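**Student:**
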Amino acid sequence: MGGYTNFMKMQDGAEIFVRKWVEVEKPKGVLFIAHGMAEHSKRYDAFARFCNDLDLLVIANDHRGHGRTGEKAQLMGYFAPQDGFERAVDDLYEIILSVKAELPRLPVFIMGHSMGSFLVRRYVQRYGDTVQAAIFMGSAGKPGPELQIAKLIARLQMIKSPTKPSKLLDKMSFGGYNKAFKNTKTAFDWLSRDEAEVQKYIEDPQCGFVCSSGFFYDLFYGLEIIHKSAEIDKMPKELPLLVINGGSDPVGGSGVKTFVEQLKKHGVERVTSILYPGARHEILNETNRTEVMEDVGAWLLKHVDPDLDQ
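Per my numbering, numbering through the sequence shown is continuous, rising by one, with the last residue being 346.
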């Protein structure tokens, strides 16, 4: 499963695990996927194979502190000693540059889910001219003032150990998500209505782990920076964007609508928004996942060159 894999060394020496689904005879484009927090790239295997059937190559990495990358470094749930969020964005940039060098004629698209969507939003702000379209999946709007409290707690916990898992920050960040649903059976019912998919997540040793105070601090920094007006202004105004969420996703909530309005306010006009009523956070693992995949696939194919002879 997951096609071809390898580790790629970044400029700072970190070794990042990269997974490639490339069983395509005449590719029309490349989709890069940035996974979410406390998960990994292999969970996107079904969607990647669906994209392969559309003649799209797919590449994904395991972020620092996640999946095979975290295992190799023997440090799960932690980005980096300094500027971890930006470093994770730079990892995406370095990998995508290598893809563009190898396949210069193919358009490159980037998609991020949840935390991955925050990384991709920052990527588009910093490196938007390197991709032809971007997808923000399971994203969220501007955080409230409670973010500053959480950031302070993270900073205080980092004094003792920035790499130690923070159960407090984990509870503050995720503890309330299940409250939106009745008759919940697990702590992760907020992820999907599909009980089998939720159980797969629970049984996966590389999913659902508690991240460190240093990681949370970097994440909170990221949530701040991507919502700054000056940074949003850096996004290419003509870049096609797809904002896609579950209608019952407790992560995004009503903030997704505000996010789309914010983009348009800053002159980013080519924004398509899709909301799936009743769907929760992981729409690629939802009961209507086939519908989601087909919608994303159709949107991507609108942005490939129909005359490309690869």
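We treat Cβ as the ideally placed atom computed from N, Cα and C, and that holds for glycine. Nothing here was measured: the structure is a model prediction, and the numbers come from that model.
Between the alpha carbons of Pro-276 and Phe-295, how many angstroms are there, rounded?
**Tutor:** Looking at the two C-alpha atoms, the distance is approximately 15 angstroms.
**Student:** Residue ranges of each beta strand (DSSP E) run of no fewer than 3 residues wholly in the region 277 to 306, ordered along the chain?
**Tutor:** Within the region 277 to 306, the complete beta strand (DSSP E) runs of at least 3 residues are 277 to 282.
**Student:** In this structure, what does DSSP give as the bridge partners for Glu-347?
**Tutor:** Residue 347 lies beyond the residue range present for the chain, which begins at 37 and ends at 346; the question has no answer from this structure.
**Student:** Would you kindly work out how many angstroms separate the C-alpha atoms of Val-160 and Val-58, rounded to a whole number?
**Tutor:** Distance between the alpha carbons of Val-160 and Val-58: 24 angstroms.
**Student:** Report buried or exposed for Lys-45, applying the criterion of at least 16 other Cβ atoms within 10 angstroms of its Cβ.
**Tutor:** By the 10 Å Cβ count, Lys-45 comes out exposed.
**Student:** Tell me Tyr-40's beta-bridge partners as DSSP assigns them.
**Tutor:** Answer is Lys-56.
**Student:** Pick helix, strand or coil for Asn-219, following the three-state DSSP scheme.
**Tutor:** Coil, per DSSP.
**Student:** Val-340: which of Leu-92, Arg-325 and His-76 sits nearest, CA to CA?
**Tutor:** Cα-wise, what sits closest to Val-340 is Leu-92.
**Student:** Return the CA-CA distance between Gln-347 and Ile-319, expressed in angstroms with no decimal places.
**Tutor:** Residue 347 lies beyond the residue range present for the chain, which begins at 37 and ends at 346; the question has no answer from this structure.
**Student:** Tell me the DSSP bridge mates of Thr-308?
**Tutor:** In the DSSP output, where bridge partners are listed per residue, Thr-308 has Leu-278.
**Student:** Output needed for Val-94: all residues of its chain with C-beta closer than 6 angstroms, excluding positions within five of it in sequence on either side, in chain order.
**Tutor:** Contacts found: Trp-57, Leu-67, Ala-84 and Cys-87.
**Student:** Which whole runs of the beta strand (DSSP E) in the region 138 to 202 are 3 residues long or more, in chain order?
**Tutor:** Within the region 138 to 202, the complete beta strand (DSSP E) runs of at least 3 residues are 144 to 149 and 169 to 173.
**Student:** Confirm the yes/no value for this check: CB of Glu-182, any heavy atom of the ligand ATP, distance under 7 angstroms.
**Tutor:** Although the ligand ATP was asked about, the structure shown includes no ligands whatsoever.
**Student:** Please look up how many angstroms separate the CB atoms of Gly-113 and Val-246, rounded, as I've assumed it's under 8 angstroms.
**Tutor:** The Cβ separation is near 7 angstroms, so the contact holds.
**Student:** Roughly how many angstroms lie between the CA atoms of Glu-75 and Lys-273, to the nearest whole one?
**Tutor:** Answer to the nearest angstrom: the Cα atoms are 31 angstroms apart.
**Student:** Just the C-alpha distance for Ile-195 and Ser-150, rounded to the nearest angstrom, thanks.
**Tutor:** Distance between the alpha carbons of Ile-195 and Ser-150 is about 28 angstroms.
**Student:** Touching or not, the region 212 to 227 and the region 135 to 144, by the rule of three or more beta carbon pairs under 8 angstroms?
**Tutor:** In short, these stretches do not touch, since the Cβ pair count stays below three.
**Student:** Within its chain, find whatever has a CB closer than 6 angstroms to the CB of Asp-206; leave out the 5 residues flanking it on each side and keep chain order.
**Tutor:** Counting only Cβ-Cβ distances below 6 angstroms, and skipping sequence neighbours, we find Val-246.
**Student:** Do Arg-367 and Gly-258 have their C-beta atoms closer together than 8 angstroms?
**Tutor:** Residue 367 is absent from the structure shown; the chain starts at 37 and stops at 346.
**Student:** Considering only C-alpha positions, which residue in the set Leu-128, Ala-82 and Glu-61 is nearest to Thr-326?
**Tutor:** The shortest Cα separation from Thr-326 among Leu-128, Ala-82 and Glu-61 belongs to Ala-82.
**Student:** Looking at the secondary structure, which residues open and close the alpha helix (DSSP H) in which Ala-84 lies?
**Tutor:** Element bounds for Ala-84: 81 to 89.
**Student:** In this structure, does DSSP put Lys-273 in helix, strand or coil?
**Tutor:** Correct three-state label for Lys-273: coil.
**Student:** Could you check if Leu-90 is buried or exposed, using at least 16 other CB atoms within 10 Å of its CB as the buried criterion?
**Tutor:** It is buried - the Cβ of Leu-90 has at least 16 other Cβ atoms within 10 Å.
**Student:** So, Arg-306 versus Gly-282, is the Cβ gap smaller than 8 angstroms?
**Tutor:** In this structure, Gly-282 does not lie closer than 8 angstroms to Arg-306 by Cβ.
**Student:** From what residue to what residue does the beta strand (DSSP E) around Phe-68 run?
**Tutor:** Looking at the DSSP string, the run of the beta strand (DSSP E) that includes Phe-68 is 65 to 70.
**Student:** Output the distance between the C-alpha atoms of Asn-324 and Arg-229, rounded to the nearest integer angstrom.
**Tutor:** Rounded to the nearest angstrom, the two C-alpha atoms are 9 angstroms apart.
**Student:** Whole-angstrom Cβ separation of Phe-154 and Asp-254, contact assumed at under 8 angstroms?
**Tutor:** Actually they do not touch by this definition, with Cβ atoms about 11 angstroms apart.
**Student:** Let me know the secondary structure DSSP gives Ala-96 once reduced to three states.
**Tutor:** DSSP places Ala-96 in strand when its eight states are reduced to three.
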